[in-house]
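Trainee:
Protein chains: 2
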Amino acid sequence: MQEQETFSIGALASRAGCQVQTVRYYEQIGLLPEPARNAGNQRRYSTATLRRLTFIRHSRDFGFSVEAVRELLGMADHPDMPCDHADAIAKRHLEEVEARIERLSALRDELKRMVAQCAGGRVEECRIVEVLSDHDQCLHASGHGGREAIR
Amino acid sequence: MQEQETFSIGALASRAGCQVQTVRYYEQIGLLPEPARNAGNQRRYSTATLRRLTFIRHSRDFGFSVEAVRELLGMADHPDMPCDHADAIAKRHLEEVEARIERLSALRDELKRMVAQCAGGRVEECRIVEVLSDHDQCLHASGHGGREAIR
DNA sequence: AATAGGACCTAAAGCCACTATAGGTTCAAT
DNA sequence: ATTGAACCTATAGTGGCTTTAGGTCCTATT
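In order, the protein sequences belong to chains C and R.
Residue 569 in my numbering is what sits at position 4 of the first sequence, and the numbering runs on without skipping anything.
Residue 686 in my numbering is what sits at position 121 of the second sequence, and the numbering runs on without skipping anything.
(1) For Q569 (chain R), which of R:T619, R:G628, R:T614 has the nearest alpha-carbon?
(2) How many angstroms separate the CA atom of Y591 (chain R) from the CA atom of R602 (chain C)?
(3) Are the CB atoms of G582 (chain C) and L672 (chain R) nearer to each other than 7 Å?
(4) Check whether chain C comes within 7 Å of P598 (chain R), counting only Cβ atoms and requiring the distance to be less than that.
(5) Just list the residues that DSSP pairs F629 (chain R) with in beta bridges.
(6) Decide if T612 (chain C) is buried, meaning its Cβ has at least 16 other Cβ atoms within 10 Å, or exposed.
(7) What do you reckon, are the CB atoms on V698 (chain C) and F620 (chain R) nearer than 7 Å?
(8) Using a Cβ-Cβ cut-off of less than 7 Å, give me the residues of the stretch 645 to 670 of chain R that come near chain C, in sequence order.
(9) What separation, rounded to the nearest whole angstrom, lies between the Cα atoms of V588 (chain C) and R580 (chain C)?
(10) Within 7 Å of any Cβ in chain R, is that where the Cβ of R687 (chain C) sits?
(11) At 8 Å on the CB atoms, spell out the chain R contacts of L672 (chain C), in chain order.
(12) Give me the Cα-Cα distance between M679 (chain R) and A641 (chain C), rounded to the nearest whole angstrom.
(13) Based on Cα-Cα distance, which residue from C:A578, C:C648, C:E636 lies nearest to R616 (chain C)?
(14) Using only the alpha-carbon positions, how far apart do Q584 (chain R) and D626 (chain R) sit?
(15) Check the Cβ-Cβ distances between A633 (chain C) and every residue of chain R, and say whether any is below 7 Å.
(16) Name the chain R residues that come within less than 9 Å of V694 (chain C), Cβ to Cβ?
(17) From what residue to what residue does the alpha helix (DSSP H) around Q682 (chain C) run?
(18) Is A641 (chain R) helix, strand or coil by DSSP?
(19) Return yes when the Cβ of A633 (chain R) is within less than 7 Å of the Cβ of I654 (chain R), no when it is not.
(20) Straight-line CA distance for D649 (chain R) to G686 (chain C)?
(21) Using the beta-carbon of each residue, which ones in chain R are nearer than 8 Å to V680 (chain C)?
(22) Is the separation between the beta-carbon of I693 (chain C) and that of A651 (chain R) shorter than 7 Å?
(23) DSSP state of A581 (chain C), grouped into three classes?
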């Protein structure tokens with residue numbers, strides 16, 4: 566049988582579309598296994614790790630938290646188990662994304678209103694500064710919804 | 566003339582709707598001035614600081630970064646100056662919010678598709694795990710747009 | 001074989017905007 | 001005088017990386 570092809574951390578990172586440090590970080594937090602090393606103590610990876618890293622990056626692109634990714638990876642590692650939990654994780658994430666969109670939309674509306682009313686004069690009569698000074702000038706008292714809005 | 570009414574950090578925080586530590590943090594990073602102290606070294610605030618803190622909290626609720634708030638505060642402190650820069654900051658922020666909404670909407674669509682296709686069987690045939698494993702299964706190759714999407 | 005420079009190594013700090021913890025002091029009410 | 005809440009400072013933790021510092025190793029060219 567022939568030798569497995571292996572590649573460096575730089576090659577792995579560029580194939581997965583992330584940074585070298587990010588790979589080391591994932592190893593550190595246990596998302597990626599500790600890889601083999603060559604004689605000079607440098608990491609050598611196989612295509613299995615590339616697939617795993619791609620899964621991680623893709624899940625992160627979807628906005629799943631690292632902890633969610635950890636769970637999803639655990640499930641991907643056990644193809645015979647039922648997938649209800651993966652389903653639940655995805656559904657919850659979808660709900661969070663939808664909630665975030667709603668909050669951001671309310672925020673956008675307030676910002677639009679604010680910007681539209683600025684006539685471009687002095688700060689004293691600027692609607693932007695005025696609205697920021699006085700919460701009561703917002704359409705919905707808590708319409709833009711606190712710091713949560715920007716998460 | 567009569568003495569100015571002053572109040573404690575706890576009263577200030579609760580009137581502004583934030584935490585006590587947050588007030589101290591804003592002082593530390595220079596958004597709030599160092600206040601007077603009483604005989605026991607405790608901070609005493611005036612309504613001027615309450616107004617300033619309210620402005621800060623409200624701006625943060627609007628999603629402005631602390632650095633943007635710092636600039637906005639500087640402008641609020643100079644009512645005679647032109648307000649173009651405040652206007653520019655708000656417009657830029659509005660654009661960022663709109664961009665974020667777009668990215669989140671694409672993300673939501675992909676998530677919906679993914680969740681809808683999960684039939685609830687074993688992990689092996691789960692669409693969620695499958696889509697996460699393989700970027701090509703997304704509608705738009707870069708539709709949900711990388712980590713930027715979730716900011 | 002020597003050398004240059006890019007890629008790799010570890011460990012630790014930095015980012016944002018707070019939040020939490022630890023261990024002590026002061027205030028206000030009883 | 002005592003109690004317990006609120007205050008004080010300093011430091012660490014959060015998430016998910018990114019950056020920096022100070023080195024070692026690999027590979028291509030001379």
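Beta carbons are placed, not taken as given, at the ideal position from N, Cα and C, and that holds for glycine.
A quick note: this is a predicted structure, and the numbers were derived from the prediction, not measured.
Mentor: To lay it out plainly:
(1) R:T614
(2) 47 Å
(3) no
(4) Contact with chain C is absent for P598 (chain R), since none of that chain's Cβ atoms lies less than 7 Å from the residue's Cβ.
(5) F629 (chain R) pairs with nothing; no bridge assigned.
(6) exposed
(7) First, the amino acid is wrong: residue 698 (chain C) is Ser here, not Val. Their beta carbons are under 7 Å apart, which means S698 (chain C) touches F620 (chain R) by this criterion.
(8) D645, M646, P647, C648, D649, A651, D652, A655, K656, H658, L659, V662, E663, R665, I666, L669, S670
(9) 12 Å
(10) At a cut-off of 7 Å between beta-carbon atoms, R687 (chain C) makes contact with chain R.
(11) F627, G628, V662
(12) 15 Å
(13) C:A578
(14) 14 Å
(15) no
(16) What V694 (chain C) touches in chain R, judged by beta-carbon distance under 9 Å, is F620, L637, M640, A641, P644, C648, A651, going in chain order.
(17) 649 to 682
(18) A641 (chain R): helix per DSSP, three-state reduction.
(19) yes
(20) 8 Å
(21) D652, A655, K656, L659
(22) Yes. Within cutoff.
(23) Helix, per DSSP.
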